[in-house]
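Residue numbers (the numbering used here), protein chains in the order written: chain C, 182 to 522; chain Y, 182 to 522.
Virtual Cβ for every residue (Gly too), placed ideally from N, Cα, C.
Computed from a predicted structure; not experimentally measured.
Data first, discussion second: the structure below is written as structure tokens.
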């Protein structure tokens with residue numbers, strides 16, 4: 182057949198190419214469907230009440246003829262980060278970053294040798310440095326997280342997280358994520374959920390790596406933040422990080438942050454036992470009309486991770502009072518980290 | 182054949198049901214592909230330099246072997262709302278809402294009869310009320326947009342927008358959206374873009390209707406906002422809208438808002454000529470490394486909409502200096518509103 186390059190023919194040919202492309206996509210979709218029928222998407226979870234509650238919840242909110250059906254657009258799931266998606270001991274990972282930044286900046290700040298909390302930090306005594314509480318923490322964050330542009334800070338985080346390691350496990354921090362939660366995030370997305378992080382940690386500390394590690398893009402990360410200022414430098418627009426708090430995304434701040442960024446109540450929320458920081462978020466989630474699910478991770482596995490509790494047990498008491506599922510790492514998780522043998 | 186209800190058989194049957202479902206999805210996808218090959222997704226745009234720039238841009242950033250290819254996750258498009266996606270004359274639509282709220286609340290505020298800007302508003306003299314500038318506007322917003330819960334405010338907006346009409350066109354405000362822009366939003370999404378609103382308007386005024394009207398879900402709406410406070414009322418968590426500004430998403434605030442909510446630079450941004458409110462956003466978009474596209478809507482069609490310009494022509498000057506595409510409504514848009522004959 183002789184090819185005639187008329188516009189009509191070209192359109193026809195494009196149409197046929199589209200058909201072939203669509204057919205290929207379909208073949209792939211069929212193959213994936215078959216594969217999915219056999220593999221357990223939550224393989225790192227032990228069978229039990231918690232795993233069952235997750236699978237049952239997802240089944241009932243995704244089945245169109247279920248009384249609990251939730252349209253895909255409303256399937257919002259929010260996850261705390263520190264202690265819920267990754268390890269937060271012996272201290273939150275962002276503090277390791279801040280500590281390394283303090284050491285790096287120390288030569289430019291001779292006054293830090295005498296000034297708390299920097300003096301203690303530089304001696305390696307984190308506990309003494311943190312004796313100043315929230316004020317000390319804020320001083321450290323302001324000294325290490327501001328003054329540069331947003332782009333420069335992003336690069337600092339990327340460079341640091343590519344090499345820094347956890348002191349106990351000797352693993353890069355990006356490997357300190359909980360495998361069962363990584364599976365849960367992917368399982369929810371495969372069922373039409375949008376997964377968000379809602380963390381007390383710094384929004385700009387998380388965004389450079391959450392997409393690669395959790396599959397959560399920057400626009401689905403909610404966190405604490407400082408103010409920024411738009412200005413032109415050498416004819417290019419930049420955002421400069423100011424030494425001024427914009428928003429603290431913790432405790433009662435979490436529902437505020439969720440409303441600000443997402444504008445919908447989540448139907449699934451997960452937090453962890455440590456500071457009571459997720460009680461308000463899980464309460465807010467549960468007030469969504471219709472079926473909801475709340476997960477509260479309990480760190481009870483000293484052998485494979487760390488065992489720790491809250492002095493007042495507020496999170497576990499709230500879980501018991503409200504019917505939230507407590508995820509006991511020891512029994513509910515077959516594997517905690519992907520690097521485990 | 183006798184059916185035996187063993188678990189293995191049930192799994193097989195589920196597998197077969199999944200296959201049938203997948204096959205149906207595929208048939209639909211093929212049909213859609215064929216239909217799409219014929220219809221123009223930008224039918225309300227006249228052929229010309231602007232339409233061509235859009236189609237060319239989308240082609241080059243979505244083609245994997247193009248030097249300008251942008252991965253789907255980074256295809257962020259940000260749109261101003263007032264004057265870019267919908268009509269902003271004779272005044273921004275949110276002001277019509279505020280005005281109706283002032284009338285509704287007036288019986289509870291006898292002092293407003295003597296107090297500006299309320300006194301002028303109640304006499305129907307919007308111009309005199311606005312003589313107080315930003316301060317007057319803030320007073321009106323605080324009086325009409327705060328004191329209730331986020332849920333109560335959402336309901337007020339829904340109820341109002343279901344019935345209120347544009348004074349000139351006698352159409353519901355949700356019909357005052359520009360058909361070419363609605364097509365552009367859908368076209369971008371069909372090509373893997375995530376579409377966001379980035380507006381000086383109130384975030385909570387827009388979210389109740391943007392999904393239905395533009396296909397933009399609440400979590401992809403960025404706007405100005407007041408602070409909220411989390412509290413328990415009758416055992417239920419609520420967010421109360423406080424009379425305190427949280428963020429003004431206009432001018433230099435737009436890149437700040439984009440960074441705060443999205444955490445990525447857009448590759449496509451659209452704004453309009455009126456107040457210079459979108460210059461910073463388009464400048465910020467253009468600083469994204471790689472191919473970008475900026476659109477500046479120019480209101481030059483007094484017959485079909487309104488004709489208006491900026492006193493200092495800052496937006497058009499910026500467009501000329503930076504190579505942004507100016508969308509002249511008169512020539513570039515075949516149809517402005519869907520209700521036009």
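- Proximity of chain C to residue 420 of chain Y at the Cβ level (cut-off 8 Å) is accounted for by 436, 437 and 440, in chain order.
- Contact check for residue 444 of chain Y against residue 283 of chain C fails: the beta carbons are separated by 8 Å or more.
- Partner residues in a beta bridge of residue 329 of chain C, as assigned by DSSP, do not exist.
- Shortest Cα-Cα distance from residue 229 of chain C to any of C/431, C/506 and C/271 involves C/506.
- The stretch 389-403 of chain C makes contact with the stretch 428-446 of chain Y: 3 or more CB pairs, one atom from each, lie closer than 8 Å.
- Counting C-beta pairs closer than 8 Å gives three or more between the stretch 332-340 of chain C and the stretch 371-389 of chain C, which meets the contact rule.
- Here residue 356 of chain Y is not near residue 484 of chain Y, since their CB atoms are 8 Å or more apart.
- Within chain C, no residue has its CB atom less than 9 Å from the CB of residue 294 of chain Y, the nearest being about 35 Å off.
- The criterion of a C-beta distance shorter than 8 Å is not satisfied by residue 478 of chain Y and residue 327 of chain Y.
- Checking the DSSP bridge columns, you'll see residue 267 of chain Y partnered with Y/263 and Y/358.
- 444, 445, 461, 464, 465 and 468: these are the residues of the stretch 444-471 of chain C whose beta carbon lies less than 8 Å from some beta carbon of chain Y, given in chain order.
- With a minimum length of 3 residues, the unbroken runs of beta strand (DSSP E) contained wholly in the stretch 445-482 of chain C fall at 449-453 and 474-479.
- In this structure, residue 514 of chain Y keeps its C-beta atom at 8 Å or more from the C-beta atom of residue 262 of chain Y.
- A distance below 6 Å between beta-carbons, with the five flanking residues on each side excluded, links residue 451 of chain Y to the following residues of its chain, in chain order: 260, 265 and 476.
- Within the DSSP secondary-structure output, residue 376 of chain Y pairs in a beta bridge with Y/258.
- Listed in chain order, the non-local C-beta contacts of residue 411 of chain Y below 7 Å within the same chain comprise 418 and 420, local neighbours out to five positions each way being set aside.
- Contact note: residue 233 of chain C does not reach chain Y at a C-beta cutoff of 9 Å; the least C-beta distance is about 16 Å.
- Going by beta carbons, residue 474 of chain Y and residue 278 of chain Y fall outside the 8 Å limit.
- Residue 242 of chain Y is positioned such that its CB atom lies closer than 8 Å to that of residue 256 of chain Y.
- Per the C-alpha coordinates, the member of Y/231, Y/490, Y/280 and Y/509 positioned closest to residue 320 of chain Y is Y/280.
- Boundaries around residue 243 of chain C are those of the alpha helix (DSSP H), 230-243, since no beta strand (DSSP E) includes it.
- The shortest CA-to-CA distance from residue 497 of chain C to any of C/439, C/458, C/267 and C/449 is the one to C/458.
- In the same chain as residue 301 of chain Y, and ignoring 5 residues on each side of it, the C-beta atoms closer than 6 Å to its own belong to 309 and 310, in chain order.
- Residue 251 of chain C sits in coil when the DSSP states are folded into three classes, being neither helix nor strand.
- Taking residue 408 of chain Y as reference, the option from Y/330, Y/274, Y/240 and Y/287 with the minimal CA-CA separation is Y/330.
- Among the CB atoms of chain Y, one or more fall inside 8 Å of the CB of residue 417 of chain C.
- Taking C-beta atoms under 8 Å as the contact rule, residue 439 of chain C and residue 379 of chain C qualify, at a distance of about 6 Å.
- Looking at the DSSP output, residue 417 of chain Y sits in a beta bridge with Y/414.
- In this structure, residue 258 of chain C lies away from residue 423 of chain C, with their beta-carbon atoms at least 8 Å apart.
- Closer than 8 Å to the CB of residue 370 of chain C there is not a single CB belonging to chain Y.
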